[in-house]
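> Chains A and B, in that order, are what the protein sequence lines are. In terms of this note's numbering, the first sequence is residues 814 to 1064. In terms of this note's numbering, the second sequence is residues 170 to 416. Positions of the beta carbon are idealized from the N, C-alpha and C atoms, including for glycine. My structure is below; once you've seen it, I'll send some questions.
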Amino acid sequence: MIKIVNLNKSFNGKAVLENISVTFESGKTNLIIGRSGSGKTVLLKSIVGLHEIESGEIWYEDKLFNKLDFAGKKLIRSEMGMLFQGSALFDSLTVEQNVRFPLDMFTDKTTEEKIDRVNFCLKRVDILNANELFPSELSGGMKKRVAIARAIALNPKYLFCDEPNSGLDPITAILIDALIKELTEEYSMTTIINTHDMNSVMEIGENILFISQGIKCWEGNKNEILNSDCETLNDFVFANSLAKKLRAEKK
Amino acid sequence: MIKFLTQFGRYFMLLKKVFSKPEKLVIYYKQTLRELVYLGLNSVGIIAIISFFMGAVITLQTAYNTENPIYPKYLIGLGCRDSMILEFSSTIAALILAGKVGSNIASEIGTMRVTEQIDALEIMGVNSASYLILPKMIATLLFNPFLTIIAIIVGIFGGWIAGTFSGVMTSENFIYGIQYAFIPYYIVYSLIKTVFFAFIITSVSAFQGYFVEGGSLEVGRASTKAVVYSSVLILLFNVILTQLLLS
Ligand SMILES: Nc1ncnc2c1ncn2[C@@H]1O[C@H](COP(=O)(O)OP(=O)(O)OP(=O)(O)O)[C@@H](O)[C@H]1O
Ligand SMILES: [Mg+2]
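Here it is in structure tokens:
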């Protein structure tokens, strides 16, 4: 479980996030949605500590993460996996070395055990026979999947995904969403996903946080989202024609 | 001015992060070996070629400027030797390396920054500054003195070839010249400068790359800045170190 209390974040005096409070539960796919520029990435990066926040509290279970020292943070970070908007695979390493990197860095496993784990993770995300390829030789969807494999290599308790299916075709996008949801349930991780894709919202939105211009506007699940009375949220949701149709059917 | 001071502060904060305790020595060791090849061995060629021609040209220029028989011929060899040892092998070689190695480091680290690879390292709990920069630092500090020695040897060899084959002097004269009034301390002086310059090139370039914000355009800019700033600092420290070491 991750709990945020009154989080504030600004860049050079310009507020980007204001008074965000929210709880993300474990074993569930938690979504942060909002328009481009609304502050999703900044929120996610603040939660994992890549951005310093001005004020507020970030709790990982019973630990106040933003007040921990480097060693304390490192301990929690060893339980985090993150998928970045652009995959962020290490260019100079092969697929296998990428997934193996966290194992090399933080475990004392034997080479054989590491290779086993790497192959297990790659198989889990359906990447086969690509161990020796470099990231530049992969397609966008494959990169995302390898990045997921790397993120889950150490069996994280917390998984963060920044727009896991942006720039992918609809079928691959759904596959990746389904994969993340499956993994979340399988390992009962606390998963937080940034997205602006309504398809994902309707597929996997178990707990949804909607932010607009840095302010929390709405919180709920995918069944409630079609019936909210929040103006900005409705604009966002019904910008998509599929959702419009769904609403018409409901009426 | 304030901007300059903040940059200065950030530079030293970065250095502090670079020199904190490594996570896993084996991995750092492997990275260092890799960098020794990329940043060190791969520079031997360019340094050797340039040194050879510089040695040759210095010899010919000295020869044609001292055609007056008052000057003994062996002074040409001596001139070639001292130019190579005092200035070329350390300062000029460092300027060339600032162009080659410096831009390489800045663009590699800068690209990792804008593609969030550095964030990916941080999120795993890796000290990204240390992991990315320390191996490069160690590699250049260890290897650049060898490049200096290579530059001296190849440069003097180039001088000898040019001097004897163009017929401006005999081989005996040249060899007598390069042994005449030889001061071994000059080599120490040159090596000390090289070590300082290697530190400047690596740390300044890494600093430029590490704090890139934006996209590929900014990475390009950072690598230009890396070359310019490290070159200027090299020239500045050349004066300071020369005053300290030779006075
Ligand atoms: N490093 C930064 N410095 C200054 N301002 C920033 C920085 N990063 C983000 N911002 C600002 O914060 C706001 C939110 O940006 P953010 O990247 O979180 O948007 P987002 O919701 O992730 O959008 P997208 O869906 O396009 O990825 C934007 O107005 C942006 O200009
Ligand atoms: Mg974003």
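For Ala375/B, count neighbouring C-beta atoms within 10 Å of its own C-beta (all shown protein chains included) and say buried if the count is 16 or more, exposed if not.
buried
> Quick one: grab the DSSP three-state call for Ala217/B.
helix
> Which stretch, first to last residue, makes up the beta strand (DSSP E) that contains Tyr971/A?
Tyr971/A -> beta strand (DSSP E) spans Tyr971 to Asp975.
> Comparing the CB of Thr854/A with every heavy atom of ligand 2, is any distance shorter than 7 angstroms?
yes
> Compare the C-beta of Ser952/A against all C-beta atoms of chain B and say whether one is closer than 8 angstroms.
no
> Where does Ala289/B land, buried or exposed, given buried means 16+ other C-beta within 10 angstroms?
buried
> Judging by CA-CA distance, which residue of Arg913/A, Glu945/A and Ser952/A is the nearest neighbour of Phe933/A?
Nearest option by C-alpha distance: Arg913/A.
> Might you give, ordered along the chain, the residues of its own chain that have their beta carbon closer than 7 angstroms to the beta carbon of Thr280/B, omitting 5 neighbours on each side?
Val388
> Go ahead and pull the three-state DSSP assignment for Met918/A.
helix
> Please list the terminal residues of the continuous beta strand (DSSP E) segment that includes Phe837/A.
From DSSP, the beta strand (DSSP E) with Phe837/A extends over Lys827 to Phe837.
> What does the alpha-carbon distance come out to for the pair Glu976/A and Arg963/A?
A direct Cα-Cα distance of roughly 16 angstroms separates Glu976/A from Arg963/A.
> Start and end of the beta strand (DSSP E) containing Glu870/A?
For Glu870/A, the enclosing beta strand (DSSP E) stretches over residues Ser868 to Tyr873.
> Residues of chain B with CB under 8 angstroms from Ala901/A, in chain order?
Result: Thr284, Glu285, Gln286, Asp288 and Ala289.
> Among Tyr300/B, Ile265/B, Met253/B and Trp329/B, which one has its Cα closest to the Cα of Lys242/B?
Trp329/B
> So, helix, strand or coil for Asn911/A, using DSSP?
Three-state DSSP puts Asn911/A in a helix.
> Consider the Cβ of Ile295/B: report whether some Cβ of chain A lies at a distance smaller than 8 angstroms.
Checking the sequence, you will find Val at residue 295/B rather than Ile. Look at Val295/B: its C-beta is under 8 angstroms from a C-beta on chain A.
> Just to check, is the beta-carbon of Asp1010/A closer than 7 angstroms to a non-hydrogen atom of ligand 2?
no
> Assign Pro948/A to one of two classes, buried (16 or more other C-beta atoms within 10 Å of its C-beta) or exposed (fewer than that).
buried
> Considering Leu896/A, what are the terminal residues of the beta strand (DSSP E) in which it resides?
Met893 to Leu896
> With three or more beta-carbon pairs closer than 8 angstroms as the criterion, would you say the region 244-256 of chain B touches the region 228-235 of chain B?
yes
> Does Val938/A get closer than 8 angstroms to chain B when you measure Cβ to Cβ?
no
> Tell me, please, whether the region 1005-1014 of chain A touches the region 840-851 of chain A by the rule of three or more beta-carbon pairs shorter than 8 angstroms.
Contact between the region 1005-1014 of chain A and the region 840-851 of chain A is present: 3 or more CB-CB pairs across the two stretches fall below 8 angstroms.
> To test your reading of the DSSP string, which unbroken alpha helix (DSSP H) runs of 4 or more residues are found completely within the region 961-1047 of chain A?
983-999 and 1011-1017
> Against chain A, which members of the region 293-321 of chain B pass a CB distance test of less than 9 angstroms?
Met293, Gly294, Val295, Asn296 and Tyr300
> What residues match up with Thr842/A in a beta bridge as DSSP calls it?
Thr1004/A
> If contacts are defined as beta-carbon pairs under 8 angstroms, then Asn819/A and Ser868/A qualify, I think. What distance do you get, rounded to the angstrom?
7 angstroms
> Report, in whole angstroms, the separation of the C-beta atoms of Glu1032/A and Ile1021/A, which I expect to be a contact under 8 angstroms.
7 angstroms
> Taking 8 angstroms as the threshold (beta carbon to beta carbon), is Lys193/B in contact with chain A?
yes
> Using a Cβ cut-off of 8 angstroms (strictly closer), state whether Arg890/A contacts chain B.
yes
> DSSP on Leu857/A, reduced to helix/strand/coil?
Shown here, Leu857/A sits in a helix according to DSSP, grouped into three states.
> Looking at Glu831/A and ligand 2, is the gap between the Cβ and the nearest heavy atom below 7 angstroms?
no
> Tell me, please, whether the CB atom of Met893/A is closer than 8 angstroms to any CB atom in chain B?
Met893/A counts as touching chain B.
> Going by DSSP, what residue range makes up the alpha helix (DSSP H) through Ile318/B?
Ser297 to Phe334
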